[in-house]
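Q: Can you keep this structure in mind? I'll have questions shortly.
Number of protein chains: 2
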Amino acid sequence: MKSVNLKELARQLNLSISTVSKALNDSYEITPETKRRVQELADSLHYQPNPYARSLRKQKSKTIAVIIPEIANNFFTLAINGIESIARQHGYHVLIYLTHEDYQKEVEITQLLQNGRVDGVLMSLSSNNNENEHLYDLHKKMLPLVFFDRVFEDLEAAKVTTDDYESGYKATAHLIEQGCRRIAHLAIPKDLSIGKKRMQGYMQALNDHQLPVQDDLIIACTDNQQMNYAFIRELMERKDRPDGIFASVEKLAINTYQACSELHIAIPEEVKVISFANLETAAFLNPSLTTITQPAFEIGKQAASILFEAIRMKNIKNHYSILKSVLIKRKSTGC
Amino acid sequence: MKSVNLKELARQLNLSISTVSKALNDSYEITPETKRRVQELADSLHYQPNPYARSLRKQKSKTIAVIIPEIANNFFTLAINGIESIARQHGYHVLIYLTHEDYQKEVEITQLLQNGRVDGVLMSLSSNNNENEHLYDLHKKMLPLVFFDRVFEDLEAAKVTTDDYESGYKATAHLIEQGCRRIAHLAIPKDLSIGKKRMQGYMQALNDHQLPVQDDLIIACTDNQQMNYAFIRELMERKDRPDGIFASVEKLAINTYQACSELHIAIPEEVKVISFANLETAAFLNPSLTTITQPAFEIGKQAASILFEAIRMKNIKNHYSILKSVLIKRKSTGC
DNA sequence: TTTTTTTACGAAAACGTTTTCTAAAACGAA
DNA sequence: TTCGTTTTAGAAAACGTTTTCGTAAAAAAA
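Just so you know, the protein sequences line up as chains E and Z, in that order. In this text, residue positions in the first sequence follow my numbering: the first is 10, and each later residue adds one. In this text, residue positions in the second sequence follow my numbering: the first is 10, and each later residue adds one.
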């Protein structure tokens with residue numbers, strides 16, 4: 010592990026450490042000939058500057074953090090792909106932190122990042138989110154911060170989301186057009202802004218089509234998949250069960266398929282299903298699943314780009330991007 | 010960003026920097042009363058040591074790197090979950106690098122890590138892998154290194170894989186039992202050890218059942234999904250098309266479903282399909298997909314545990330773990 | 001009492017950079 | 001020649017820790 014450093018280069022070249030450093034950083038103070046000599050030796054010894062020494066001195070880490078609730082979710086993996094591609098372009102390194110939808114973990118992680126370890130943070134909130142002190146803390150540290158998808162509306166930070174209200178509306182309207190009259194909503198927690206917006210779109214669509222909003226058709230789901238499954242099953246076992254289901258995340262659609270399969274309820278004949286999803290396999294499910302698909306890769310790219318802009322400008326902008334999701338009609342809604 | 014450091018603590022407490030440092034590190038040299046005072050002020054000011062200064066001084070980064078070919082793949086996301094859980098236990102940070110199956114990127118990334126940025130590396134190889142100079146380089150640096158799934162057999166490093174040969178054998182034998190006689194193998198590159206082993210299992214199973222190994226039924230797939238799709242389509246358009254397909258990764262199974270759907274070839278009646286896969290949706294595909302499922306989460310956990318063992322012992326062991334995959338029979342093979 | 005040991009802390013070096021400040025040499029102008 | 005300016009390089013400080021070493025004072029031993 011004994012790697013070559015500036016001192017060693019300086020010794021071999023009979024130069025001072027500072028001269029070598031300047032030569033490698035292409036300073037005008039150094040004569041071309043010296044630069045050449047230094048560069049040559051550095052190359053031949055495969056010199057690489059120590060990142061920690063450099064970070065300490067420059068107060069820059071060339072590292073960003075990505076905090077997400079989970080990773081076994083196609084939306085987030087695609088977003089990470091986008092983030093990584095931009096980070097690579099900027100020569101940055103990417104730290105990954107998973108909160109597992111656990112508020113306490115989210116707090117711990119944000120605290121870990123308050124000491125200069127990273128130059129910026131990309132974050133998608135966990136749902137068990139009552140207080141938000143930790144987010145204000147992060148913000149107070151002047152650490153560039155960009156939220157994506159699950160954003161925290163109250164904070165003056167950059168945000169990138171999709172048109173969740175419109176998508177919720179369109180999803181619900183689509184079910185109505187396909188003949189549904191009793192439409193259930195499998196909702197994610199309302200403390201997430203996207204949960205609230207999707208729900209609002211759902212309710213507005215019902216209103217606009219003279220359908221009642223029924224509380225017993227709104228299922229408050231959580232990160233506990235077993236409980237979600239139990240809720241959905243209970244829902245589908247009712248005698249006045251819904252004829253349409255709008256799932257707000259892909260896992261809930263899968264749970265719905267499973268419940269319907271076990272209860273021998275035919276999709277789309279007896280109940281139609283639409284879901285937010287980035288599933289590669291949506292088209293090959295039985296039946297193929299009608300989805301609202303978010304431009305996850307693009308979200309990641311935009312969020313990262315904005316973050317680097319903020320890092321460069323040392324200026325946390327109050328940016329708000331809203332990208333469009335697309336509704337892909339398939340058999341689960343009778344198309 | 011002006012965060013509190015040892016100097017500031019020392020000033021406020023009228024102590025020296027070294028005393029404060031020792032107090033916080035619970036050194037025996039410091040009296041309990043002083044420790045209490047120091048700790049109290051540190052807590053109240055939310056002191057957090059600068060990670061770069063600490064890393065520089067201790068020559069330890071508390072960070073590991075995970076290098077994988079892609080992330081939009083359930084195997085890898087589950088593995089990352091496992092890795093992250095162990096890393097968190099050890100108080101380590103996790104850097105993610107994606108090679109996108111690109112040899113050149115893999116080389117660049119391994120070079121980035123030769124300067125002490127990380128204390129260890131977890132790696133799953135990219136497939137376009139002709140030379141391996143960069144892996145030997147990494148190994149020479151004495152950087153603890155653990156391969157998982159796509160391992161490099163020739164290097165004396167720790168490795169964690171599944172029983173790929175046996176799984177390939179069982180998958181093929183299962184197709185044979187289900188009545189298939191012309192079984193195609195959608196193969197990943199043979200320069201990947203898992204590709205070779207899965208293929209060997211396939212061939213041995215054919216042999217053991219007195220079936221010929223036919224080169225034209227072995228499709229060499231790559232990371233180019235469009236080409237793979239074209240190959241598979243061509244395969245299924247032949248008049249002597251196969252009656253069984255063994256796909257070595259989940260993406261190829263999806264391609265197969267798509268090709269069969271477009272060509273109106275019925276699964277499992279006309280062709281049976283089995284695939285390595287960690288798809289959550291396997292059971293809900295049309296038809297449900299028979300899979301060989303790897304214990305991806307467990308692989309991640311084991312690989313990470315071994316890495317931390319290597320970091321602790323400063324001893325790169327020649328460890329080789331082989332976990333068992335499980336064959337889950339579903340409708341795509343007529344079950 | 002004197003000597004030795006232990007205790008509790010501080011000074012300073014070290015980690016490997018970057019950057020500021022200083023200085024010698026070379027050069028040009030007067 | 002002399003004086004100022006430019007060019008090139010080195011010395012030293014700085015980033016924030018940890019750790020080694022030194023040293024007073026206190027405690028223990030003689």
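Backbone N, C-alpha and C fix where the C-beta goes; we use that ideal spot for every residue, glycine too.
(1) Is it buried or exposed for E/Asn-34, if we count other Cβ within 10 angstroms and need 16 for buried?
(2) Return helix, strand or coil for E/Leu-226, following the three-state DSSP convention.
(3) Please state whether the Cβ-Cβ distance between Z/Asn-295 and Z/Asn-264 is less than 8 Å.
(4) Hey, how far is the Cα of E/Asp-173 from the Cα of Z/Lys-31?
(5) Buried or exposed for E/Glu-2, please, with buried defined as at least 16 other CB atoms from any protein chain shown within 10 angstroms of its CB.
(6) Determine the extent of the alpha helix (DSSP H) in which E/Met-151 is found, giving its start and end residues.
(7) At the level of alpha carbons, what is the spacing between Z/Val-169 and Z/Asn-23?
(8) On the CB-based measure, 16 or more other CB atoms within 10 Å of its CB, does E/Tyr-145 come out buried or exposed?
(9) Of the residues that make up the region 274-298 of chain Z, which ones have a beta carbon closer than 8 Å to any beta carbon in chain E?
(10) Do E/Gly-129 and E/Leu-316 have their C-beta atoms closer together than 8 Å?
(11) Going by DSSP in three states, Z/Thr-108 sits in which element: helix, strand or coil?
(12) Less than 8 Å between CB atoms is the rule here; does E/Tyr-101 satisfy it with respect to chain Z?
(13) Restricting to runs no shorter than 4 residues, where is the alpha helix (DSSP H) found entirely within the region 149-227 of chain E?
(14) Just verifying my parser: in three-state terms, what is the DSSP assignment at E/Thr-119?
(15) Does any CB atom of chain Z fall closer than 8 Å to the CB of E/Pro-60?
(16) Put Z/Lys-333 into one of helix, strand or coil per three-state DSSP.
(17) Are E/Ala-193 and E/Leu-226 touching if we call contact CB-CB under 8 Å?
(18) For chain Z, find out if any of its Cβ atoms is closer than 8 Å to the Cβ of E/Asn-237; answer yes or no.
(19) Helix, strand or coil: which one does DSSP assign to E/Ala-286?
(20) I'd like the ranges of any alpha helix (DSSP H) spanning at least 4 consecutive residues and lying wholly in the region 34-90 of chain Z.
(21) Please name the residue, chosen from Z/Gly-210, Z/Asn-327, Z/Leu-298, Z/Ala-312, that lies closest to Z/Lys-338 on a Cα-to-Cα basis.
(22) For Z/Thr-86, which residues from the same chain have a beta carbon less than 7 Å from its beta carbon, with the 5 sequence-adjacent residues on both sides left out?
(23) Quick one: is Z/Val-75 buried, meaning 16 or more other Cβ sit within 10 Å of its Cβ, or exposed?
(24) Are E/Gln-187 and E/Thr-342 closer than 8 Å when you measure CB to CB?
(25) Measuring CA to CA, which of E/Ile-276, E/Phe-285, E/Glu-278 is closest to E/Val-258?
(26) Using a C-beta cutoff of 8 Å, does Z/Ile-73 count as contacting chain E?
(27) Given 7 Å as the limit, tell me if Z/Lys-16 has its C-beta closer than that to any heavy atom belonging to the ligand NAD.
(28) Consider the Cβ of Z/Thr-119: report whether some Cβ of chain E lies at a distance smaller than 8 Å.
(29) Using CA atoms only, rank isn't needed, just tell me which of Z/Ala-275, Z/Thr-72, Z/Gln-223 is closest to Z/Gly-125.
(30) Determine the direct distance from the alpha carbon of E/Gln-234 to that of Z/Gln-120, and round the result to whole angstroms.
(31) Run down chain E in chain order and give the residues with a C-beta less than 7 Å from the C-beta of Z/Arg-339.
(32) Let me see if you follow: with CB-CB separation under 8 Å, is Z/Thr-324 close to chain E or not?
(33) How big is the Cα-Cα spacing for E/Ser-270 and E/Ala-262?
(34) Per DSSP, what kind of secondary structure is E/Gly-309 in: helix, strand or coil?
(35) Given this structure, state the Cα-to-Cα distance separating E/Met-10 from Z/Gln-57, to the nearest angstrom.
(36) Give the interface partners of E/Gln-57 over in chain Z, defined as CB-CB distance under 7 Å, in chain order.
A: Based on what the coordinates show:
(1) With fewer than 16 other Cβ atoms from the protein chains shown falling within 10 Å of its own Cβ, E/Asn-34 counts as exposed.
(2) Correct three-state label for E/Leu-226: helix.
(3) The answer is no: Cβ separation not under 8 Å.
(4) For E/Asp-173 and Z/Lys-31, the distance between alpha carbons rounds to 52 Å.
(5) Look at the range of chain E in this structure, 10 to 344, and you will see that residue 2 of chain E is not part of it.
(6) It is not in any alpha helix (DSSP H) - E/Met-151 carries neither H nor E in the DSSP assignment.
(7) Approximately 53 Å between the Cα atoms of the pair.
(8) Under a 10 Å Cβ-count criterion, E/Tyr-145 is classified as exposed, with fewer than 16 other Cβ atoms of the shown protein chains found around its own Cβ.
(9) Listed by position, the residues of the region 274-298 of chain Z near chain E (Cβ gap below 8 Å) are Leu-288, Glu-289, Thr-290, Ala-292, Phe-293, Leu-294, Asn-295, Pro-296, Ser-297.
(10) Result yes, Cβ atoms of E/Gly-129 and E/Leu-316 sit closer than 8 Å.
(11) Note: Z/Thr-108 maps to coil in three-state DSSP.
(12) No, E/Tyr-101 lies away from the interface with chain Z (no Cβ there is under 8 Å from its Cβ).
(13) Within the region 149-227 of chain E, the complete alpha helix (DSSP H) runs of at least 4 residues are 173-186, 202-217.
(14) Residue state, collapsed to three classes: helix.
(15) It does: the Cβ of E/Pro-60 has a partner Cβ on chain Z nearer than 8 Å.
(16) Three-state result, Z/Lys-333: coil.
(17) Cβ distance < 8 Å, so E/Ala-193 and E/Leu-226 count as in contact.
(18) Output row for E/Asn-237: interface = no.
(19) If DSSP states are grouped into helix, strand and coil, E/Ala-286 belongs with coil.
(20) With a minimum length of 4 residues, the continuous alpha helix (DSSP H) runs that stay inside the region 34-90 of chain Z are 41-53, 60-67.
(21) Distance from the Cα of Z/Lys-338 is smallest, within the candidate group Z/Gly-210, Z/Asn-327, Z/Leu-298, Z/Ala-312, for Z/Leu-298.
(22) The answer, listed in chain order, is Ile-80.
(23) Under the 10 Å beta carbon count, Z/Val-75 is surrounded by 16 or more other beta carbons and is classified as buried.
(24) Using a Cβ distance threshold of 8 Å, E/Gln-187 and E/Thr-342 count as a contacting pair.
(25) Sorting E/Ile-276, E/Phe-285, E/Glu-278 by C-alpha distance to the C-alpha of E/Val-258 places E/Phe-285 at the top.
(26) Any Cβ of chain E closer than 8 Å to the Cβ of Z/Ile-73 would place that residue at the interface, and such an atom is absent.
(27) Absent from the structure shown: the ligand NAD. Ligands present: none.
(28) No, Z/Thr-119 does not count as interfacial toward chain E.
(29) It is Z/Thr-72.
(30) Spanning the two alpha carbons is a distance of roughly 41 Å.
(31) Residues of chain E passing the Cβ test: none, with the nearest at roughly 11 Å.
(32) Residue identity differs from the one stated: residue 324 of chain Z is Asn in this sequence, not Thr. With 8 Å as the cut-off, Z/Asn-324 does not count as an interface residue toward chain E.
(33) A direct Cα-Cα distance of roughly 12 Å separates E/Ser-270 from E/Ala-262.
(34) Look at E/Gly-309 here: in three-state DSSP terms it is helix.
(35) No answer about E/Met-10 holds up, because its pLDDT of 43 lies below 50 and its placement is not dependable.
(36) Correct list: Gln-123, Asn-124.
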